[in-house]
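Taking it in order: structure first as structure tokens, then the write-up.
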Amino acid sequence: MRIEAKPIEPFGREVSGVDFTRPFTAEEKAAIRAAWVEGGIAIFRDCPSEDAHLALSRCFGEPEPSATKKLNLDRNPYIMALDQDEKTPVNIYEVDGERRTGWLGWHWDQAFMPEIVRGAALRMLVPARVAGETGFIHAGDAYDRLPQSTKERIEGLEVVYHFNGAQEQNRFGFPKSLRLVERDAEQAASIEKYTREFPPVVHPLVITQPESGRRLLKLSPMHARSILGMAQAESDALLHMLAEHLVDRRYAYFHSWRENDVVVWDNWSVIHCANGVPPGVIRRAQRTTILGDYKLGRYLDPAKRLSDHAARLVD
Ligand SMILES: [Fe+2]
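Residue numbers for the sequence shown follow this note's numbering, beginning at 1 and rising by one.
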């Protein structure tokens, strides 16, 4: 079998010819990694096991345990369980008239931390019988679509992020119809804990993807609070405009999952969202996290250094 990476619309690669029954050759690893860097997302079918999932993840970098420690498997902290079932804390939203659990707005992972992960690989164990899609948008394409005057205006700006796990309180680029239906005490306590334990951070609004040289509109609508140093009204208006531009669904890819699909996203180049499932619908997935080599973020508080590693792992 020979590895092939087929472009999909509107962006991304579907990779075929991967033999999960033996170790990958150096040439195969390079082809798999190139598909991911060029596509922003890479889709794989029929990944049969946790071991195969981890071996695939190592093509993209070094796996690390995810920051949300309680979701990592006891038997293997490098694999995070993302389940929607009867044990999941209750957190139900209504979006465009549909009730959803596991719904997450557009974001890149760990915008609320100064050092972000490079990527993640999500493997589907039990697809939802209804909904459950994951959406992706390429931040390089979004940047390219900006008018030249806006590109010049936003060059050099920085965004302040602070953990905002209550989706209904996120302000920029979130659906106007979004409302909270029900949240149990466990979920409310975990949102409160994360908000307290992760201090505000700053990231550039525009970055260059080092491998492709592409400019990226590096905005995470989730957790974004303000443009650093800008008056609030002007900052709000700019973030509303940029976030609406970024989350334009005409340029989104929504993955409808099959069992043993893996989708790997470049956390520098794309944003993603989770459509969630109707309450009562089961969905089981596992995620690996690829260690970041990002050096562009910092804490808002100048007294805090990156080496402080405040709350890198949270129970
Ligand atoms: Fe995410």
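Built from N, CA and C at the ideal position, the CB exists for glycine as well.
Simplified DSSP assignment, three categories, for Q110: Here residue 110 refers to the residue found at position 110 when the sequence shown is read from its first residue. Coil, per DSSP.
Beta-carbon spacing of V270, G40 below 8 Å: For the purposes of this step, residue 270 is taken as the residue at position 270 of the sequence shown. For the purposes of this step, residue 40 is taken as the residue at position 40 of the sequence shown. Contact: yes.
Cross-strand partners of L82 (DSSP beta bridge): Translated into the one-based positions of the sequence shown, residue 82 becomes position 82. Beta-bridge pairing links L82 to A285.
D266: first and last residue of the uninterrupted beta strand (DSSP E) it sits in: Indexing the sequence shown from 1 puts residue 266 at position 266. Residues V262 to D266.
Proximity of H203 and G135 at Cβ, strictly below 8 Å: Numbered from 1 along the sequence shown, position 203 holds the residue referred to as residue 203. Numbered from 1 along the sequence shown, position 135 holds the residue referred to as residue 135. No, the Cβ-Cβ distance between H203 and G135 is not below 8 Å.
Reduced DSSP secondary structure (H/G/I, E/B, other) of L71: Working through the sequence shown from its first residue, we reach residue 71 at position 71. DSSP places L71 in helix when its eight states are reduced to three.
Contacts around R284, its chain only, beta-carbon distance under 6 Å, and the 5 residues preceding and following it disregarded: Locating residue 284 in the sequence shown gives position 284, counting from the first residue. D83, L125 and V126.
Cβ distance (whole Å) where L291 is taken to contact R58 below 8 Å: As a working mapping, residue 291 is identified with position 291 in the sequence shown. As a working mapping, residue 58 is identified with position 58 in the sequence shown. L291 to R58, Cβ: 11 Å. No contact.
Local Cβ density within 10 Å of F172, reported as buried at 16 or more and exposed below that: Locating residue 172 in the sequence shown gives position 172, counting from the first residue. Buried, since its Cβ has 16 or more Cβ neighbours within 10 Å.
Spatial distance of Y299 from M113 (CA atoms): As a working note, residue 299 is residue 299 in the sequence shown. As a working note, residue 113 is residue 113 in the sequence shown. Approximately 8 Å between the Cα atoms of the pair.
Where the beta strand (DSSP E) through Y161 begins and ends: Position 161 of the sequence shown holds residue 161. Unbroken beta strand (DSSP E) run through Y161: E158 to Y161.
E168 vs V90 beta-carbon contact at 8 Å: In the sequence shown, counting from the first residue as 1, residue 168 sits at position 168. In the sequence shown, counting from the first residue as 1, residue 90 sits at position 90. No, these two residues do not count as a Cβ contact at 8 Å.
Those runs of the beta strand (DSSP E) which lie wholly inside the segment 165 to 216 and span at least 3 residues: 179 to 183, 201 to 204 and 206 to 208
Rounded separation between T195 and R225 - CA only: Here residue 195 is taken as the residue at index 195 of the sequence shown, counted from 1. Here residue 225 is taken as the residue at index 225 of the sequence shown, counted from 1. Approximately 13 Å, taken between the alpha carbons.
Proximity of N275 and P221 at Cβ, strictly below 8 Å: Taking the first residue of the sequence shown as position 1, residue 275 is located at position 275. Taking the first residue of the sequence shown as position 1, residue 221 is located at position 221. The answer is no: Cβ separation not under 8 Å.
Beta carbon of Y161 nearer than 8 Å to that of V201: For this step, residue 161 is matched to residue 161 along the sequence shown. For this step, residue 201 is matched to residue 201 along the sequence shown. It is a contact, given that the beta carbons lie within the stated cut-off.
Beta-carbon proximity check, A142 vs L228, cutoff 8 Å: For the purposes of this step, residue 142 is taken as the residue at position 142 of the sequence shown. For the purposes of this step, residue 228 is taken as the residue at position 228 of the sequence shown. Result no, Cβ atoms of A142 and L228 do not sit closer than 8 Å.
Heavy atom of ligand 1 within 7 Å of D109 beta-carbon: Here residue 109 refers to the residue found at position 109 when the sequence shown is read from its first residue. True, at least one ligand heavy atom lies under 7 Å from that Cβ.
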